[in-house]
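Visitor:
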Amino acid sequence: MKKQNRIDYGSLKSKIGSVEITTGAVLESNGSTSKTKTGAWRSLRPVVDEKKCIGCGMCWTYCPEGCITKKDAKKFEVNFDYCKGCGICANECPVKAIAMVVEEK
Ligand code: SF4
Ligand code: SF4
Numbered sequence: 061m062k063k064q065n066r067i068d069y070g071s072l073k074s075k076i077g078s079v080e081i082t083t084g085a086v087l088e089s090n091g092s093t094s095k096t097k098t099g100a101w102r103s104l105r106p107v108v109d110e111k112k113c114i115g116c117g118m119c120w121t122y123c124p125e126g127c128i129t130k131k132d133a134k135k136f137e138v139n140f141d142y143c144k145g146c147g148i149c150a151n152e153c154p155v156k157a158i159a160m161v162v163e164e165k
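FYI, the numbering for the sequence shown is 61 to 165, going by the numbering used here.
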């Protein structure tokens, strides 16, 4: 079996204040971003009008965060722990069932 080149992540680490990061913020393992709730800094929130939604799934297809899930055969739900409020889902929805509203904290 051919030997694979492995990255020594330990040698890439440096400290910024008390936070230790890898050079270029390289991720050391897959799935590690699930611990970072990117929804914390969202300024806009997608709101789905379920009366208008036709269940096409375009929002689910285009969401770059993968934070939209199928609730039932025709409805889709946003996980706000990870939604960053980019508005791509609202832009792609063919029946304009998603409105982006200002987030209230
Ligand atoms: S606003 Fe962006 S991140 Fe949030 S659900 Fe829509 S596409 Fe996904
Ligand atoms: S893109 Fe619009 S119509 Fe299609 S599932 Fe999403 S909210 Fe519903």
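Every residue gets a Cβ at the ideal spot worked out from N, C-alpha and C, and that includes glycine. Model, not experiment: these values are computed from the prediction.
Exposed or buried, which one is Tyr69 when buried takes at least 16 other CB atoms within 10 Å?
Guide: exposed
Visitor: Whole-angstrom Cβ separation of Tyr122 and Glu80, contact assumed at under 8 Å?
Guide: That pair is no contact at about 34 Å.
Visitor: Can you tell me whether Lys73 sits near ligand 1, meaning its C-beta is under 6 Å from at least one heavy atom of the ligand?
Guide: no
Visitor: Pick from Arg105, Lys111, Thr96: whose alpha carbon is nearest that of Cys149?
Guide: Out of Arg105, Lys111, Thr96, Arg105 has the C-alpha closest to the C-alpha of Cys149.
Visitor: With respect to the beta strand (DSSP E) encompassing Leu104, which residues constitute its N-terminal and C-terminal limits?
Guide: 104-108
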